[in-house]
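A quick write-up on the structure given underneath.
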Amino acid sequence: MAPLNTAPPTESVRVLIVDDESLMRSGLRLMVDGTAGITVIGEAADGPTALSQIRVLDPDVVLMDIRMPGMSGIEATVELTRAGARARVVVLTAFDADGFLVEALRAGAVSFLLKDSSPEAVVDAIHGAVQGHAQFSPAVLDRLVRIASREEAGSFPGGSHRSGPDEAGRAHDGTTTPARESEGPSTLTPREWDVGRLVAQGLTNAEISDALVLSLPTVKTHVSHLFDKLLVTNRVQLAIRILEHDG
Numbered sequence: 073m074a075p076l077n078t079a080p081p082t083e084s085v086r087v088l089i090v091d092d093e094s095l096m097r098s099g100l101r102l103m104v105d106g107t108a109g110i111t112v113i114g115e116a117a118d119g120p121t122a123l124s125q126i127r128v129l130d131p132d133v134v135l136m137d138i139r140m141p142g143m144s145g146i147e148a149t150v151e152l153t154r155a156g157a158r159a160r161v162v163v164l165t166a167f168d169a170d171g172f173l174v175e176a177l178r179a180g181a182v183s184f185l186l187k188d189s190s191p192e193a194v195v196d197a198i199h200g201a202v203q204g205h206a207q208f209s210p211a212v213l214d215r216l217v218r219i220a221s222r223e224e225a226g227s228f229p230g231g232s233h234r235s236g237p238d239e240a241g242r243a244h245d246g247t248t249t250p251a252r253e254s255e256g257p258s259t260l261t262p263r264e265w266d267v268g269r270l271v272a273q274g275l276t277n278a279e280i281s282d283a284l285v286l287s288l289p290t291v292k293t294h295v296s297h298l299f300d301k302l303l304v305t306n307r308v309q310l311a312i313r314i315l316e317h318d319g
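Numbering (this note's numbering), first residue to last: 73 to 319.
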């Protein structure tokens with residue numbers, strides 16, 4: 073897996089890779105280290121080592137496998153969330169069973185990618201996690217939309233859910249914010265609809281940029297406007313809103 077030839081942003085994102093397979097860790101390091109302003113600062117082969125590394129290294133993002141000996145990635149995510157670690161967790165796994173998916177998100181993971189994801193998708197998920205934006209493999213997003221259509225979308229925590237206001241207008245730091253009503257899909261521009269539909273198909277920002285021949289910053293701006301107009305906090309909720317009203 074060769075690193076992407078992408079211009080780095082101003083600030084580097086510090087990443088810890090957690091996977092019990094040494095070849096997978098090496099491949100991920102080759103894929104993302106030094107790419108688009110990403111720096112791999114450490115590796116861990118199991119949950120306890122990951123928690124120790126997180127305390128010492130204080131990474132921005134953790135690429136977390138699920139199935140590991142001793143302590144699973146989900147259990148490790150629960151522990152770091154309880155400890156108040158600032159690191160955002162991006163699950164990267166070969167297993168997309170509903171149970172793993174929902175448990176990982178409820179544990180506090182921001183994103184859920186399969187190990188066959190493209191390098192672009194992994195890089196996009198890392199940068200999105202820092203901003204609190206969820207990223208999912210297309211097959212995972214489709215599964216989540218079907219699950220979430222049967223449950224309240226807010227039960228699946230996205231990254232920005234930690235710091236955003238809840239439905240009563242209370243921020244998670246205990247302060248209050250004025251409640252706002254969604255502006256609704258009727259206020260979306262044609263281009264925002266284009267971007268929203270591609271998000272609902274599971275495309276990353278980079279893939280949307282290519283598909284619509286837009287710059288990546290423009291795509292990110294459209295996605296931000298969609299989040300704001302529809303009062304959603306992650307791409308799953310956005311996909312659900314788009315699919316509900318597209319037709």
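Beta carbons are placed, not taken as given, at the ideal position from N, Cα and C, and that holds for glycine.
*Tell me L129's beta-bridge partners as DSSP assigns them.*
For L129, which the question treats as bridged, DSSP gives no partner whatsoever.
*Quick check: the stretch 171 to 178 against the stretch 137 to 154, are there 3 or more CB pairs under 8 angstroms?*
As far as the Cβ criterion goes, the stretch 171 to 178 touches the stretch 137 to 154, which means the pair count is three or higher.
*asked:* Does the structure place the stretch 187 to 207 close enough to the stretch 99 to 106 that three or more beta carbon pairs sit under 8 angstroms?
replied: At 8 angstroms Cβ cutoff, the stretches touch.
*Tell me where the beta strand (DSSP E) around S183 begins and ends.*
Per DSSP, S183 belongs to the beta strand (DSSP E) from S183 to L186.
*Going by other Cβ atoms of all chains shown within 10 Å of its Cβ, with 16 needed for buried, is E115 buried or exposed?*
Buried, since its Cβ has 16 or more Cβ neighbours within 10 Å.
*asked:* What I want to know is whether the C-beta of I280 ends up closer than 7 angstroms to one or more non-hydrogen atoms of the ligand ZN.
replied: Only the bare structure without any ligand can be found here, which leaves the ligand ZN out of the picture.
*Is it the case that the Cβ atoms of L100 and L135 are separated by a distance below 8 angstroms?*
Taking 8 angstroms as the cut-off, the beta carbon of L100 is found closer than this to the beta carbon of L135.
_Can you tell me whether P262 is buried or exposed? The criterion is at least 16 other CB atoms within 10 Å of its CB, across all chains shown._
So P262 ends up on the exposed side.
_Looking only at its chain, what residues have a beta carbon closer than 8 angstroms to the beta carbon of T259, apart from the 5 residues adjacent to it on each side?_
Scanning its chain for C-beta atoms nearer than 8 angstroms, with the 5 sequence neighbours on each side dropped, one finds around T259 the residues K301, in chain order.
*Please work out which residues of its chain come closer than 6 angstroms, Cβ to Cβ, to G268, disregarding the five sequence neighbours upstream and downstream, and give them in chain order.*
If the five residues before and after G268 are omitted, its C-beta is found closer than 6 angstroms to the C-beta atoms of L298 and I314, all from its own chain and listed in chain order.
_By the DSSP assignment, the beta strand (DSSP E) with A116 in it spans what residues?_
Annotation: the continuous beta strand (DSSP E) that includes A116 extends over I110 to A116.
_For S183, count the other beta carbons within 10 Å of its own beta carbon; 16 or more makes it buried, fewer makes it exposed. Which is it?_
Buried, by the Cβ-count rule.
*With R139 as the anchor, note down where its alpha helix (DSSP H) starts and where it stops.*
Here R139 belongs to no alpha helix (DSSP H), and DSSP marks it neither H nor E.
*Local Cβ density within 10 Å of L95, reported as buried at 16 or more and exposed below that*: With fewer than 16 other Cβ atoms from the protein chains shown falling within 10 Å of its own Cβ, L95 counts as exposed.
*Proximity of V85 and G119 at Cβ, strictly below 8 angstroms*: Taking 8 angstroms as the Cβ cut-off, V85 and G119 do not qualify as a contacting pair.
*Exposed or buried, which one is P80 when buried takes at least 16 other CB atoms within 10 Å?*
Bear in mind that the predicted position of P80 carries a pLDDT of just 42, short of 50, making it too unreliable to give a figure here.
*Between the CA atoms of V308 and S209 - distance to the nearest angstrom*: Taking the straight line joining both Cα atoms gives about 11 angstroms.
*Bridge partner(s) assigned by DSSP for T290*: Among the bridge pairs identified by DSSP, T290 is matched with none.
_Element boundaries [alpha helix (DSSP H), containing T149]_ = Counting along the chain, the alpha helix (DSSP H) containing T149 begins and ends at G145 to R154.
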